Each structure stands twice: as structure tokens, then as C-alpha cells.
Amino acid sequence: MVVDESAMTDTPAPAAIHRHVDTAGAKLLLVGDHRQLAAVGAGGGMDLIAGTGARYELADARRFTEEWERAASLRLRVGDETVLRDYHQQGRLLASGTVEQAEQEACQAWLADTLAGRRSLLLVDSNDQAARLSSVLRAELVRLGRATEDGVLLGSQGTFAGVGDLVEARANGWALAGLEGNRRGPINRETYRVTATRPDGTLEVTPTLEATSVEGAAGLERIVLPPGYVRENLALAYASTVHAAQGTTVDTSHTVATPQTSHNALYVGMSRGRARNTAHVVTVTGPDDPAHGNVDDTIRRDPVAALATILNGDGPPGSASALATAAESTDTATSVRTRAELFADAVQLASAHCTAVWLDELAADGTLTLRDRARIAAEDGATSLTRVLRSAELAGYDPRQVLVAAIADRPLDGARNTTNVIYHRITDQHRFDPVGSTWTDRTPHIADAEWQHYLDRLAAAADNRQTQLGETAARETPTWVLDAFGPAPVDADERNAWIADVGTVAAYRELRGHDSDTDALGPAPKPGQVEDFAAYRAAWRALGRPEADREELELSDGQLRVRIRASAREATWAPRYVGNELAGTRQLAEQHRQTAALRAAEAAATNDDTERARLSDESNQATALALALDHRASELQTLDNARSSWLAHTAGTRAAGERAATELAIRHADAEPDTPVTADEWLEAHRAAMIDDDASREVREDYELDGVAREQQLATASQDLREIAAQEKTLSSFHLASAGMNEHEDGLD
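In the working numbering, the protein residues as written are 192 to 940.
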């Protein structure tokens, strides 16, 4: 027996099924996607099962028409934010402005798709939002003659439903089977097309799995819904939350993505449509109440950046199941992250205390003046100074000696910020690369015995967890471990070394919350995260990755500049970047297609021949523009493919140039000493200089000099320059003395 757990099945339901399966002697196979939304209440069993590693996973997505979207959906599923650029270039991420503008844009797009005969979803964050937008869309469908204005009250939303409207069940109605010939009752979250209304509030509906119009629905089974069910458990189905859409496959989907949208909800919304999935992204946010701020607090973001925030976040409160939340709390208490964060905080406090003690000692012995010590205490750079000294300690240096050398190097007189000067003296003289593979290796040694014991316990706990992660990987061998290290060896010594290396990487992944199956390590920590960076470098070495920066250390300034120039040469033939233009072209083409569908529907709904002709003409023009823009998008895609090839072909040269530029900046030698010129340019400049000299040079050759003059010239040429300078000095003194005597004589006169 196969049970699909992806559609938010809560835990008690599979448990009950499991009991029946055991009684029947059958086999139960749970199938689902733990990356989708969890069940409300005691749910999330699929997520917990997935967390144990006891699962098989589908590696391919087959729903989508476009090949690129199949791979992109899997990357979006695991939270790879780089995939957002692909969605953007394909015109799937729309910068919609405020929430109200995003809602209006999504409604217009959904309406156009529906009028064009596509089955479409409009997904929002809340039921209240869905009810409001559904009411707006119903009014448009009534205007276009697709639904009747008169209808039956839906009490759960305060809206009405008439013939032609789409409605959604909000509760199972098993008891309605047999009512007026019903073969079955309504099913929770199933959608229906209204085919008839009755004065008492009863609705006759048909399922919409295959029906896209009233005519198409006529041949399907009829279900009669009594007034009580209609009033309490039925809602318009034009807009819905992702909880209702989960498990559905349609032609297109439109998701209103706001700061309240969770990662799971975004993934569900962007993976429902076969042909097209579009996110209408809220890019302008601000205070929802004047009491909470003013217009100056408004934030404007790029749609890619807005969605990246969603992927990096944990989602709004309540997005996880109760069991998953409880399990996560237990895991957090024993994770590397908890212990490492406590360790980092404790080390920071201990290092700050040591730095202050060392500065006081240097002031006491005269190495640092009392005035400079007072200035350091009053400045804001103490944290940065503590971090750089901790970096020195992690790299194997004595931090106190590093501090003493920086202060004693030369006087600090005239420094506007004494702490900054000391900091830069340290960083100018050293490059700190942390060593050690365990937290115990990186534990500082301090004088306070109790504090030292606390640090040692935290380090030991983190190391135990690191070993545990390595042993778990040896038993289960996740994909990233298999790709990076291969299977665990059989030999005991080799296996222990394998576990140590894998545990080092796994510990860093847990520390940073990195769970990619394809990227073993993930990005480096941000500047200033000293302890995290030490763990990152340990993981880097455990993976056996090359020390690329060591090569740049051994190159001269000239060799580094050659690499920078080589990188610049590659840039001269780079195809231009057309990503934004490509995205805009695709978005504009889709807008014209939507306009064509709306104008065609309006033309069909009007009885005015002149108005019908005008609307039909606008529809045809919009269709033609969409086709022209599709052709332009094809041309831009060719350019974009060429740029992708260029990026791949020149990646090595450009990366070497960037590393060379970084190394020159560290050496403070990043400015070119002279403007580089070619040999031809140099010769041309030399000739021009000679011509200028010739214009003012007196024509005098050797044959114009008599014998005495020639001998004087040769004697001067062979005379030592120091002798000439001495003669000039003597003559100068004589002339000055003569001038003074003349002035004295003039005074006597």
C-alpha cells in the first residue's frame, strides 16, 4: 500500500493506516516530499523520516515543459539561491512593488491565463488574502460573462458563488454521499465548478479535475451540496494558499511572494505549473502602520534579493510542524552550532580580557604611554583589535608578542585613532591562516583556571559531536560525502582518518546550517567571524582542496600585474551581459499575451460591434507584439549562451587576476607605477622628444672648435664630477664674498 504524505498528512493518519496494514499483513510505503509544507498540528512525519536518512529520493523532476525548469526546481527545493538568477532571466520573477501592486498584477495574470483556456493557480499567504482576491476576480468574471452575478452566500468568506464560479471544499463531507443521488461527498481542498444554484442556498457542482468550463463540466458527475455545507465549508477557489495547492499540477501558477512567504511555500508555488511558474515579488516594504515608522523606513529591493532573503530565512512562525519543531529543539541542544557559538562567545570574552591586561602591562613598563592607553580605552576599535590578536593566536603566533611588536615598532604620536594604527601595523606585517583541525586544538590558554575549564569542556563537547558526525557519515554515506571522500575505507587506521576528515567538514556544515547535497563546504564565513573561519579552513584542508593563495605569495609584483593584464585582455572580447534585457523581454512578451487574452474575452462579451472590432484589433496587435518579442528573446538567449561559454572559458584567467589584485592590495602595491606603453609608442615618443630638442639646439660640431677649446672640452669631460662640484662651491663662495664687499663699499660711499 502506498500513502502520499506530501499533501500535509498529519502523523495520526499514517499511524492508523499502519495498524490496518499490519493487520492485513501488507506492506506500507510512504511517498512524499519533505521539502513541501508540513502538516498543521502533530504532523511532519515525512520530514522526520527524511531526517533519519532512511529514504529513497527522486533525482529528476518530470512535471515541467521546459528542460531548464526541471533542474532549477530541484535547486530551489534545497535553497540554492543562485538559481534565482535563472528564474529571473527566464522572466519568472517580477518586481511588483508593494503588496497591493503584486496582488493586482498576479490577479491580472491569472485572469489572462484562465481566459486563454489554461488551468492556473493564484497563490497567496493567508486565507483572508485569498478571500479578498477571489472576490475581486469573481467580479471580473461576472463582467466578462463567465459567471452569473446572482449567487449563493458563502458564509466562510462572506462572498457569493453563482453558476460558472469555481469553489473549494474546506471539509470532508462523507455523510453527503447518497444525498439526491450523490455517488460520493465533497473532499477537503477539492475544487468544483458551480452548475446550478437553488433559492434555499443549495449548489450543484462538478469536480474540476478535467473541466475548464461550464460546458466541459456538464459530462462529469454531479454533487449536490446542501445549504449548511455551502454556508460553513465552501469558499471561492480563484485564489488560495499554498496549503490548498500542494500536490496540484496545473498549466501555470502565480505566487504573490511577500516577506511572510516561507521557503517551503515559495518552492510549492514555483513548482505547480507545467508550462510556467511566476513569482510576483513584493519589492517595496515599509511600516504597515504610521505608528511603527514613516516613509523613510521604506525598503526597496531587487526581486532576486527579496527571494534570497526568503530562501535564507526560516520562514514565518508556524511554518514547521509540531513534531519537527520539537525535534529541531532537541537537535539544536546537541548540535555543533550551539556548542561552537558558546565557545566563540567565551573565547571573545577571554581574549578581550587578555588584550586589556596586556595593554595595561605595556603601559606600566613604558612601552605604551599612559596617554595612548587612555585613548585606546576610549576608542571603539577594541573588538577589532581583539579579533586580530585572536586570529594571530589561531595561526600559531603568540598574540602578546604580536601586540608588543606593533606598539614598539615606532611612536604612536600624531595618530588620530591609536587602535586603528596598531591594528593596521599588525595586518600589514602578517597573514594569519588558522591551524588545527579540532576545537581543542584552537582553545586558548588563559590564566583563569575556571574559565579555562569551561572553554575546555565546550571544545571537548564540540569535538565529540564532530566525531559523532563522522561516524554517522560512515554508516549512512550522504551524497556529498560520497562525492567528496568516497566510501569509508575498511582498514581501521584509514577508516579513522576518513571519519576525522569527514567529521571536520560535517561539523562545519552543521555549524553554518549548510545542507546542500552537491556543495560539500558552502561559502566562507563573513569577515570578523574568527572561530567560524578557523573551522572553515580546517574543513577546507580536510577536503584536500589546493592552497591557491600560496602561489600568489611567491610571485613578484610584476608577475602579479601580468596576471591582472591577462584577465583584462579576456574582458575585451566578452559578449555583453543581456540577462536583465532578456528577463524584461520575456516579461513584456508575457504581458502582451495576457493583454491579448483579456481583450479577446472583452470582445466576446460586448454587444457593440464597434467596440468589439476595437478590442479584437487590440488583441491581434498584442499577439503580434508578443511574437516579435519572443523572436527578440531568442536572439538574446543566443547572446546569453555565448556569454556563459565565455565565462566558462575564461574562468581560470579571471580568477587568477582577481587573486593577483587581492595580493597586490595586501602589499599596498596595487597602483601601477607607470602607464604601460608598447615599444612602438615608446619609440614614437623618443623621436618626438629629439625633434623638440633639435629645434632649440645650437648647431656646433667638433670641427668648429679650435685646438685650445677642444683640449678644454676634453679636460672637462674627463674631470671627476666631485671635483667640478668642489670648484663650483669655491667659486660660489668667492662670488658671494665679493658681492658682500661691494655692498659694504657702497655703504661707505
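Backbone N, C-alpha and C fix where the C-beta goes; we use that ideal spot for every residue, glycine too.
Owing to the predicted nature of the structure, the values given are computational and were not obtained by experimental measurement.
Check	Outcome
State the Cα-Cα distance for the pair ALA252 and GLY438, rounded to the nearest angstrom.	14 Å
Considering just the uninterrupted stretch of the alpha helix (DSSP H) at ARG700, what are its terminal residues?	683 to 703
Determine contact between the region 802 to 820 and the region 847 to 854, defined as no fewer than three beta-carbon pairs at a distance below 8 Å.	no
Just how far apart, CA to CA, sit TYR699 and TRP689?	16 Å
Where do the ends of the beta strand (DSSP E) carrying GLU395 lie?	394 to 398
Among the residues of its own chain, which have a CB less than 6 Å from the CB of SER431, if the five just before and after it don't count?	ALA321
DSSP three-state call for ALA293: helix, strand or coil?	helix
Tell me which residues share the same chain as ARG754 and place their Cβ nearer than 7 Å to its Cβ, disregarding the 5 neighbours each side in the sequence.	ALA847, GLY848, ALA851
Buried or exposed, going by whether 16 or more other CB atoms sit within 10 Å of the CB of ASN455?	buried
Quick test of your reading: ASP831 and GLY770, contact by CB under 8 Å. State the CB separation rounded to the nearest angstrom.	6 Å
Using a threshold of 9 Å, state whether the C-beta atoms of LEU332 and ALA791 are closer than that.	no
Select from GLU340, GLU701, HIS621 the residue whose C-alpha is nearest the C-alpha of ARG526.	The residue asked about is misnamed: residue 526 is Ser in this sequence, not Arg. Of the listed residues, the one whose Cα sits closest to SER526 is GLU701.
Alpha carbons only, please: which of THR339, ASP341, ALA360 is nearest the one belonging to SER347?	ALA360
Per the DSSP calculation, VAL315 is bridged to which residue(s)?	THR432
Could you tell me the distance, in whole angstroms, from the CA atom of LEU425 to the CA atom of ASN811?	39 Å
Can you give the Cα-Cα distance for ALA733 and GLU294, rounded to whole angstroms?	49 Å
Just tell me which of PRO678, TRP259, ARG823 has its CA closest to the CA of ALA665.	PRO678
Is the Cβ-Cβ distance between GLY477 and ASN468 less than 9 Å?	no
Hey, could you find the ends of the alpha helix (DSSP H) SER542 is sitting in?	527 to 555
Indicate the three-state DSSP secondary structure (helix, strand or coil) for TYR588 in the structure shown.	coil
Alpha carbon to alpha carbon, what distance is there between ALA839 and ASP271?	20 Å
Under a Cβ-count criterion, where at least 16 other Cβ atoms within 10 Å of its own Cβ denotes burial, should GLU423 be classed as buried or exposed?	exposed
By the three-class DSSP mapping on this structure, what secondary structure does VAL890 have?	Residue confidence is low: VAL890 scores 41 on pLDDT, short of 50, so the model does not pin down where it sits. Its coordinate-derived value is still stated next. In this structure, VAL890 counts as coil in the three-state DSSP scheme.
Let me check understanding here. Comparing Cα to Cα, which of GLU802, ARG767, ASP800 lies closest to ALA833?	ARG767
Below 6 Å CB to CB, which residues in the same chain sit around ALA765 once its five sequence neighbours on both sides are set aside?	TRP837
Find out if the Cβ-Cβ distance for the pair ARG334, LEU357 is shorter than 9 Å.	no
Leaving out five residues on either side along the sequence, give the residues of the same chain with a beta carbon under 7 Å from the beta carbon of THR631.	ALA650, ALA651, ASP654
Any contact of the region 601 to 611 with the region 622 to 630, i.e. 3+ C-beta pairs under 8 Å?	no
Mind checking THR397: buried by the 16 CB within 10 Å criterion, or exposed?	buried
Note down, in chain order, each residue of its chain lying with its Cβ closer than 7 Å to the Cβ of THR388, except the 5 sequence neighbours on either side.	GLY342, VAL343, GLY353, VAL354, LEU394
Indicate the three-state DSSP secondary structure (helix, strand or coil) for VAL626 in the structure shown.	coil
What is the rounded straight-line gap between the Cα of ALA711 and the Cα of ASP624?	21 Å
For ALA366, name the three-state secondary structure that DSSP assigns.	helix
Helix, strand or coil for ARG581, going by three-state DSSP, please let me know.	helix
With which residues is ASN468 paired in a DSSP beta bridge?	SER444
Do ALA297 and LEU324 have their beta-carbon atoms positioned less than 9 Å apart in this structure?	yes
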